[in-house]
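Enquirer: For the sequence shown, the numbering used here assigns the number 69 to the initial residue and increments by one for each residue that follows.
Even glycine gets a Cβ: it sits at the ideal position worked out from N, Cα and C.
Source: prediction; values computed, not measured.
Following this message is one structure expressed as structure tokens.
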Amino acid sequence: MVKIAVLGYGTVGSGVVEVIGRNCADRLEVKYILDLRDFPGDPYEDRVVHDFNIILNDAEISVVCEVMGGVGAAYQFTKQALEAGKSVCTSNKELVAGHGTELLALAAAHGCHYLFEASVGGGIPLIRTINTSLASERIQAVTGILNGTTNYILSRMEREQADYAMVLKQAQELGYAERNPDADVEGHDACRKIAILSALMTGRKVDPEKIYTEGITGITLADFQFASMRQRKIKLLAMCSVQEDGKLSVLVAPFLLPGDHPLAGVNDVFNGVLITGNTLGDVMFHGRGAGKLPTASAVVADVLDCAGSQGRPVPGGWSDKEVEYAAEAETDRRFFVRARLSARREVEAAFPGGSAFGVGEIPSCEGEFGYFTAVMKEKNFEERYRKLGDAVLNRIRLA
Ligand code: HSE
Numbered sequence: 069m070v071k072i073a074v075l076g077y078g079t080v081g082s083g084v085v086e087v088i089g090r091n092c093a094d095r096l097e098v099k100y101i102l103d104l105r106d107f108p109g110d111p112y113e114d115r116v117v118h119d120f121n122i123i124l125n126d127a128e129i130s131v132v133c134e135v136m137g138g139v140g141a142a143y144q145f146t147k148q149a150l151e152a153g154k155s156v157c158t159s160n161k162e163l164v165a166g167h168g169t170e171l172l173a174l175a176a177a178h179g180c181h182y183l184f185e186a187s188v189g190g191g192i193p194l195i196r197t198i199n200t201s202l203a204s205e206r207i208q209a210v211t212g213i214l215n216g217t218t219n220y221i222l223s224r225m226e227r228e229q230a231d232y233a234m235v236l237k238q239a240q241e242l243g244y245a246e247r248n249p250d251a252d253v254e255g256h257d258a259c260r261k262i263a264i265l266s267a268l269m270t271g272r273k274v275d276p277e278k279i280y281t282e283g284i285t286g287i288t289l290a291d292f293q294f295a296s297m298r299q300r301k302i303k304l305l306a307m308c309s310v311q312e313d314g315k316l317s318v319l320v321a322p323f324l325l326p327g328d329h330p331l332a333g334v335n336d337v338f339n340g341v342l343i344t345g346n347t348l349g350d351v352m353f354h355g356r357g358a359g360k361l362p363t364a365s366a367v368v369a370d371v372l373d374c375a376g377s378q379g380r381p382v383p384g385g386w387s388d389k390e391v392e393y394a395a396e397a398e399t400d401r402r403f404f405v406r407a408r409l410s411a412r413r414e415v416e417a418a419f420p421g422g423s424a425f426g427v428g429e430i431p432s433c434e435g436e437f438g439y440f441t442a443v444m445k446e447k448n449f450e451e452r453y454r455k456l457g458d459a460v461l462n463r464i465r466l467a
């Protein structure tokens with residue numbers, strides 16, 4: 069029997085305890101649950117402790133689940149556990165993306181593991197698959213819907229013509245959204261996840277602070293109405309690809325996807341990840357990217373991996389050498405622009421070679437039109453878009 073400690077008895081922590089109780093009680097025992105609070109009446113109330121040193125000093129504990137989140141106490145406890153030779157399994161993408169390089173090295177130095185399957189794609193078995201089943205591949209690109217909350221919001225806005233604020237509130241009630249919804253809706257959560265995937269893909273450190281990140285707060289129902297006229301969906305994509313010169317192109321932003329794009333049908337809280345390998349081609353993963361039990365299931369899978377691999381390395385990780393980043397401003401793309409009909413000439417002059425649509429066809433968007441630009445560099449588009457000022461209402465990249 070492997071004895072473990074769970075740090076944080078919130079949504080994911082209570083899920084970890086439940087998954088172990090339901091599926092792994094013959095192999096794993098939850099000896100401690102660390103939380104600031106007490107849980108009178110909870111079946112595990114006798115395991116609750118408030119002092120991390122009790123866990124640290126107990127030689128019976130070989131694996132710690134860090135599911136408290138944040139980069140304060142979680143970082144300190146993770147370092148201390150690894151230094152004591154205790155493996156750590158986590159869903160904490162902020163910590164993995166920000167300090168994973170150091171924590172992976174610490175685990176290697178102390179003969180234990182730092183595993184984070186649940187940090188990307190919730191319950192989708194993604195990281196272990198990249199590290200093992202795709203080990204023979206040179207992964208060239210990853211494109212993903214990596215945030216369940218924003219996908220849920222966008223899906224419901226489109227399907228029900230629902231209000232952004234109301235849908236966000238429900239996402240929080242369902243336990244999908246982060247405590248601070250900015251992390252989801254501003255794209256930071258997806259940014260951390262693509263930083264982790266691109267580090268695994270390249271074997272090098274990727275700094276989330278250097279990733280261009282745009283969230284969904286500027287997306288309106290009018291954008292959905294124009295998008296649907298062209299059979300397009302609006303999705304928050306996180307994408308990375310290795311360029312011919314070896315540099316990494318990586319960004320997070322909303323995109324208009326064609327209806328037949330493999331990720332266009334990934335809806336609600338589901339995540340979808342498309343991986344392109346140099347000999348394999350495309351492979352796609354789909355599953356619950358957020359929520360208590362799917363996320364907990366991935367944490368517990370890591371615990372079982374640690375339990376079964378004491379003393380031998382688990383594949384995966386990256387070095388402390390940082391990737392070289394491609395300049396996003398130089399990327400060639402097409403863009404959707406929503407603009408005032410009174411400025412149609414100016415818009416067409418700024419973006420020659422594009423096509424206008426939806427002129428006078430959407431009753432709730434009277435006085436507006438949609439425009440798809442020709443292919444152009446991001447920097448050229450941004451410069452001309454900015455100059456148009458009030459004539460333009462929104463712009464979204466085209467995939
Ligand atoms: N808030 C995150 C999401 C949780 O919505 O995807 C899972 O990482």
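(1) Counting only the same chain and skipping the five closest in sequence on each side, list residues whose C-beta sits under 6 angstroms from that of ALA23.
(2) According to DSSP, is THR158 part of a helix, a strand, or is it coil?
(3) Measuring CB to CB, does LEU171 end up less than 8 angstroms from ALA375?
(4) Please determine whether the Cβ atom of TYR244 lies at a distance below 7 angstroms from any heavy atom of the ligand HSE.
(5) Just the Cα atoms here: how many angstroms apart are VAL98 and ALA73?
(6) For ALA93 and ALA364, what's the separation of their Cα atoms in angstroms?
(7) I need the boundaries of the alpha helix (DSSP H) containing CYS476, first residue and last residue.
(8) Ignoring anything shorter than 4 residues or poking outside the stretch 180 to 206, list the alpha helix (DSSP H) runs there in chain order.
(9) I need the DSSP call for ILE287, collapsed to helix, strand or coil.
(10) Report back the beta-carbon spacing between ARG402 and VAL443 to the nearest angstrom; my notes put them in contact at under 8 angstroms.
(11) My output table needs one value for CYS308: the three-state DSSP class, helix, strand or coil.
(12) How is ILE430 classed by DSSP in three states: helix, strand or coil?
(13) Look up THR217 in the DSSP assignment and say whether it is helix, strand or coil.
(14) Roughly how many angstroms separate the alpha carbons of ILE343 and ALA209, rounded to a whole number?
(15) Nearest CA to the CA of THR169: which residue from ALA142, TYR143, LYS273, GLN299?
(16) Taking only runs of the beta strand (DSSP E) that begin and end inside the stretch 371 to 444, which ones reach a length of at least 3 residues, in chain order?
(17) Helix, strand or coil for MET136, going by three-state DSSP, please let me know.
(18) Taking the C-alpha atoms as reference points, what is the distance between GLY166 and LYS315?
(19) TYR393 and PHE419: beta carbons closer than 8 angstroms?
(20) Got a sec, what are the start and stop residues for the alpha helix (DSSP H) THR347 sits in?
(21) Is the beta carbon of ALA321 sitting closer than 8 angstroms to the one on ARG465?
(22) Is PRO322 helix, strand or coil by DSSP?
(23) Touch check for the stretch 225 to 235 and the stretch 259 to 267: three-plus C-beta pairs under 8 angstroms?
Expert: Taking the structure as given:
(1) Given a span of 69 to 467 for the chain in the structure shown, any question on residue 23 remains unanswerable.
(2) strand
(3) no
(4) yes
(5) 6 angstroms
(6) 15 angstroms
(7) Lying before the first or after the last residue shown, residue 476 is absent from the chain, which here runs from 69 to 467.
(8) 195 to 199
(9) coil
(10) 5 angstroms
(11) strand
(12) coil
(13) helix
(14) 6 angstroms
(15) LYS273
(16) 400 to 408, 423 to 425, 436 to 440
(17) coil
(18) 21 angstroms
(19) no
(20) Unbroken run through THR347: none, as it is neither H nor E.
(21) yes
(22) strand
(23) no
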